[in-house]
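S.K.:
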Amino acid sequence: MKEFYRCAFFTSLADALVRPFLSIFAFYLGASKSIVGAISSITSALNILSQFFWSFVVEGSRKRKLFVVLGGILWSLLWIPIGFSKTWQEFLILLSIQSIFSGMITPAWTYLVFSLIPKYRRGRITARINTSTSLGGILGNIIAGIILKLFGLVPFLFFLSFLFGFIGRLMFLPIKEPKYSPKPIKKNIKEFFDYVGLIKNKKFLNFLIATSLLNFGVNIAGPFFSLYIVEKLGSSLDVALLAGVATISNILFFNAWGKLVDYLGRKVVMVSCLIPISFLPFVYSISNHIFWIYLYSFFNSLSWAGFNVASFVYLSEVLPKQRKPIFISLYYLLSSTSLIAPLIGGRIIDYFGFKAAFLTSFSLRILSIIFFERVEEKTGMRIKNLLPSSIDPLGISYRLETFFSTYSLVFQEARKESMKLFNISRISRKLKYAFEKS
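By the count of the numbering used here, the sequence shown reaches residue 781 at its end, each step adding exactly one.
#1: Pick from G380, F622, V611 and L682: whose alpha carbon is nearest that of Y657?
#2: Report buried or exposed for K406, applying the criterion of at least 16 other Cβ atoms within 10 angstroms of its Cβ.
#3: Once DSSP output is grouped into helix, strand and coil, what is the label at E660?
#4: Please confirm whether G479 and A351 have their CB atoms less than 8 Å apart.
#5: Helix, strand or coil for M762 per DSSP?
#6: Quick one, which of L417, L421 and G446 has its alpha-carbon nearest F434's?
#7: Straight-line CA distance for T749 to E760?
#8: Within 10 angstroms of the Cβ of G373, are there 16 or more other Cβ atoms? Answer buried if so, exposed if not.
#9: Counting only runs that start and end within the stretch 409-470, where is the alpha helix (DSSP H) found for 4 or more residues in a row?
#10: With DSSP run on the structure shown, which of helix, strand or coil describes N484?
#11: Would you decide whether T469 is buried or exposed? Buried here means 16 or more other CB atoms lie within 10 Å of its CB.
#12: Looking only at C-alpha atoms, which of V400, R758, F347 and L743 sits nearest to C616?
#13: Please identify the residue among F353, T354, K345 and F368 whose C-alpha is closest to the C-alpha of V573.
#14: Going by DSSP in three states, I767 sits in which element: helix, strand or coil?
#15: Do F399 and W418 have their C-beta atoms closer together than 8 Å?
#16: Where does I385 sit, in a helix, a strand or coil, going by DSSP?
#17: Assign Y675 to one of two classes, buried (16 or more other C-beta atoms within 10 Å of its C-beta) or exposed (fewer than that).
#18: Just to confirm, are G446 and A357 a CB contact at a threshold of 8 Å?
#19: Closest to I378 by CA distance: which of I423, Q432 and N390 is it?
#20: Taking Cβ to Cβ, would you say A589 is nearer than 8 Å to S659?
#21: How many whole angstroms separate the CB atoms of S477 and N593, which I take to be in contact at a CB cut-off of 8 Å?
#22: Restricting to runs no shorter than 4 residues, where is the alpha helix (DSSP H) found entirely within the stretch 600-633?
#23: Can you check whether the CB of S393 is closer than 8 Å to the CB of S442?
#24: DSSP state of R407, grouped into three classes?
#25: Assign G689 to one of three DSSP states: helix, strand, or coil.
#26: How close, in whole Å, do the beta carbons of Y606 and R471 come, if the pair is a contact with beta carbons under 8 Å?
#27: Relative to the C-alpha of P566, which candidate in L556, V582 and M514 has its C-alpha closest?
#28: Which whole-angstrom value is the C-beta distance of P424 and L437, which I expect to be below 8 Å?
#29: How would you write the range of the alpha helix (DSSP H) that K519 sits in, first residue to last?
Here it is in structure tokens:
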């Protein structure tokens, strides 16, 4: 799995150098807040639609890792002309082309992960891949923060993004793929329509509805947090530092969440993590100083770490056993209702201000928790309710009990992981000292 870890690290490093600042860059090129939201919607839509197209091509190929490598190289290469964009229209066209090429990566990458990781270790391995992603992200945030402080948003950042993205894809080449029996594209299309009844699967459908609602709520406000910080609370440097805080939180808690996902179950972790996630836009709406954003972002990010691990593992279990790239792309396509959310968010901000969009996002995130509670799962532990249903018909005590129990366990696991890292660093210092002394 080292190839996954290395590729994830360098790709995340490349992305973190520029991704947090794209909305600011578009704003500086003359785009209004509504246009910034439209750019986010258009590029996301193209990426998801292209994933669906590429999935048929990937399914008919014997070398699926080549789609990860080739798509990643093209994605990296396009950062250079994007960095030299002169107008927001040129910026949009180049980002759209990049989104189409990067669409070939997701179905191939996800299928390889599902194929190569055994089910009983899926939570822990997924967490390690995400940890590698976070390590690359924090290094990218640090480099970007230094360059922004000294020189501003210069094209050199985009060149660095190309360089590290290219290195990441080369790291993926040595991976050994499982054997496939590729089928012609026409046959894949026919089989897709035969299996389209997947959406009638209750587990899949409940998860799809819950995810779609959450994504919609997140994307109404998500693209505008950085703009709000720059305009109201801080500077572009704070955007980089907040991304760094999120990455540190992920690094500290990914492995702990991976163990809990395998131990407690996916649903318990997802529902518990959604509570802090839901309150982030509310915190933005009431904060009068950047300090409160920093403080809450750490807790929000560790919650996203748990949710992402649990949801990815749950998806791997509700898809058909063959785990075709086609059905992976189908899931992302059907859950793409959030594509219009940035457009709606931009219009809300233009007419009513940032806080209205943030409170709308908060309400939808809270609503999504109800739908995630309907997600079915037979495995995992169940925390017993202390109060009978006659006293607590809404199950509030059960929900609070589950939340605090889950977070208590994850903090304990994170402390153990931190101690392991401390012991490793102490041993390495002793070995270095002994070597120098000899």
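Even glycine gets a Cβ: it sits at the ideal position worked out from N, Cα and C.
M.R.: Walking through what the data contain:
#1: The residue labelled residue 657 in the question sits at position 314 within the sequence shown. Nearest C-alpha to Y657: V611.
#2: Here residue 406 refers to the residue found at position 63 when the sequence shown is read from its first residue. That one is exposed.
#3: Here residue 660 is taken as the residue at index 317 of the sequence shown, counted from 1. Correct three-state label for E660: helix.
#4: Position 136 of the sequence shown, counted from the start, is the residue given in the question as residue 479. Position 8 of the sequence shown, counted from the start, is the residue given in the question as residue 351. Taking 8 Å as the Cβ cut-off, G479 and A351 qualify as a contacting pair.
#5: Counting from one through the sequence shown, the residue named residue 762 turns up at place 419. Helix.
#6: Along the sequence shown, read from residue 1 onward, the residue named residue 434 stands at position 91. The residue with the shortest Cα to Cα distance from F434 is L421.
#7: One-based indexing of the sequence shown puts residue 749 at position 406. One-based indexing of the sequence shown puts residue 760 at position 417. Cα to Cα, the separation comes out at about 17 Å.
#8: Here the question's residue 373 lines up with position 30 in the sequence shown. The residue in question, G373, is exposed, as its Cβ has fewer than 16 Cβ neighbours within 10 Å.
#9: 422-426, 431-445 and 448-459
#10: One-based indexing of the sequence shown puts residue 484 at position 141. In this structure, N484 counts as helix in the three-state DSSP scheme.
#11: If you number the sequence shown from 1, residue 469 lands on position 126. Counting Cβ neighbours within 10 Å, T469 comes out buried, since at least 16 surround it.
#12: By 1-based counting over the sequence shown, the position of residue 616 is 273. Per the Cα distances, L743.
#13: One-based indexing of the sequence shown puts residue 573 at position 230. That would be F368, whose Cα lies nearest to the Cα of V573.
#14: Position 424 of the sequence shown holds residue 767. Unreliable placement is indicated for I767, whose pLDDT of 48 sits below 50; the coordinate value is still reported in the next sentence. Residue state, collapsed to three classes: helix.
#15: To locate residue 399, count along the sequence shown from 1; it is residue 56. To locate residue 418, count along the sequence shown from 1; it is residue 75. Their beta carbons are not under 8 Å apart, which means F399 does not touch W418 by this criterion.
#16: Against the sequence shown, residue 385 aligns to sequence position 42. Note: I385 maps to helix in three-state DSSP.
#17: Within the sequence shown, the letter at position 332 stands for residue 675. With 16 or more Cβ atoms within 10 Å of its Cβ, Y675 is classed as buried.
#18: Mapped onto the sequence shown, residue 446 falls at position 103. Mapped onto the sequence shown, residue 357 falls at position 14. No, Cβ-Cβ distance for G446 and A357 is not below 8 Å.
#19: Translated into positions along the sequence shown, residue 378 becomes position 35. Considering only alpha carbons, the answer is Q432.
#20: What you label residue 589 is simply residue 246 of the sequence shown in a count that begins at 1. What you label residue 659 is simply residue 316 of the sequence shown in a count that begins at 1. Taking 8 Å as the Cβ cut-off, A589 and S659 do not qualify as a contacting pair.
#21: As a working mapping, residue 477 is identified with position 134 in the sequence shown. As a working mapping, residue 593 is identified with position 250 in the sequence shown. 4 Å between Cβ atoms; contact.
#22: 609-629
#23: Locating residue 442 in the sequence shown gives position 99, where the first residue counts as 1. Locating residue 393 in the sequence shown gives position 50, where the first residue counts as 1. Contact: yes.
#24: As a working mapping, residue 407 is identified with position 64 in the sequence shown. Note: R407 maps to coil in three-state DSSP.
#25: The residue you call residue 689 lines up with position 346 of the sequence shown. The answer is helix: DSSP assigns G689 an H, G or I state.
#26: Looking up residue 606 in the sequence shown gives position 263. Looking up residue 471 in the sequence shown gives position 128. 16 Å between Cβ atoms; not a contact.
#27: The sequence position of residue 566 within the sequence shown is 223, counting from 1. It is V582 whose Cα lies nearest to the Cα of P566.
#28: Translated into the one-based positions of the sequence shown, residue 424 becomes position 81. Translated into the one-based positions of the sequence shown, residue 437 becomes position 94. With a Cβ gap of about 5 Å, P424 and L437 count as contacting.
#29: On the sequence shown, residue 519 is found 176 positions in, with the first residue counted as 1. Run containing K519: none; DSSP gives neither H nor E here.
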